[in-house]
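So the sequence shown is numbered by our numbering: it starts at 2 and just counts up by one. Backbone N, C-alpha and C define an ideal beta-carbon position, used for all residues, glycine too. These notes concern the structure reproduced below.
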Amino acid sequence: MNSTNATNPIDQKLIDSIKGFMDPEEGRALYDLALEVSRMGPCLEIGSYCGKSAIYLGSACRENNAVLFSIDHHHGSEEQQPGEEYFDPVLFDYRTFTMDTLPLLRRSLEMAGLE
Numbered sequence: 002m003n004s005t006n007a008t009n010p011i012d013q014k015l016i017d018s019i020k021g022f023m024d025p026e027e028g029r030a031l032y033d034l035a036l037e038v039s040r041m042g043p044c045l046e047i048g049s050y051c052g053k054s055a056i057y058l059g060s061a062c063r064e065n066n067a068v069l070f071s072i073d074h075h076h077g078s079e080e081q082q083p084g085e086e087y088f089d090p091v092l093f094d095y096r097t098f099t100m101d102t103l104p105l106l107r108r109s110l111e112m113a114g115l116e
């Protein structure tokens with residue numbers, strides 16, 4: 002269940018529970034910008050990882066009854082590959098030997114009510 006309301010449309014507790022590197026102040030800035038520009042049309046996110054930014058952006062788009070398109074190959078960046086500094090074995094699909102963030106993004110969007 003989503004705990005957003007009219008005075009605080011961002012579910013920070015949910016966002017904090019999602020894997021990722023985004024600072025809450027940066028996320029709030031994304032939300033504010035998307036709130037402004039989504040009045041003019043759809044928004045586009047390139048690179049979503051596990052969904053922190055998608056929830057900030059999607060929450061703003063929802064406020065304006067707008068659409069967010071989110072594009073990502075979901076195989077991680079160079080520094081997230083095996084043996085690299087930000088490798089996370091939880092996100093590694095050992096069947097295909099690739100990173101796979103799509104299941105976590107989908108779960109994050111579902112939890113936020115943004116499917």
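Measuring only the C-alpha atoms, how far is residue i from residue j?
| i | j | result |
| --- | --- | --- |
| N3 | F22 | Interpretation of N3 is limited by its pLDDT of 44, a score under 50 that renders its predicted location unreliable; the figure taken from the coordinates is listed afterwards. N3 and F22: Cα-Cα distance of roughly 22 Å. |
| G42 | A113 | 21 Å |
| L103 | C62 | 21 Å |
| P25 | H75 | 22 Å |
| F70 | Y50 | 14 Å |
| K20 | N66 | 27 Å |
For residue i, write down the residues that DSSP places opposite it in a beta bridge.
| i | result |
| --- | --- |
| S109 | Answer is none; S109 lacks a bridge partner. |
| S71 | E46 |
With a CB to CB cut of under 7 Å and the five nearest residues on each side skipped, what residues in its chain are close to residue i?
| i | result |
| --- | --- |
| P10 | S60, E64 |
Short of 6 Å in beta carbon distance, which residues of its chain neighbour residue i, apart from the five on each side in sequence? Order them along the chain.
| i | result |
| --- | --- |
| D94 | D101 |
Distance cutoff 8 Å, beta carbons only. Does residue i sit that close to anything in chain D?
| i | result |
| --- | --- |
| S78 | The chain labelled as chain D is not found in the depicted structure, where only one protein chain is given. |
Here's a check: name, in chain order, each residue in its chain whose Cβ is nearer than 8 Å to the Cβ of residue i, leaving out the five neighbours to either side.
| i | result |
| --- | --- |
| R40 | N65, A67 |
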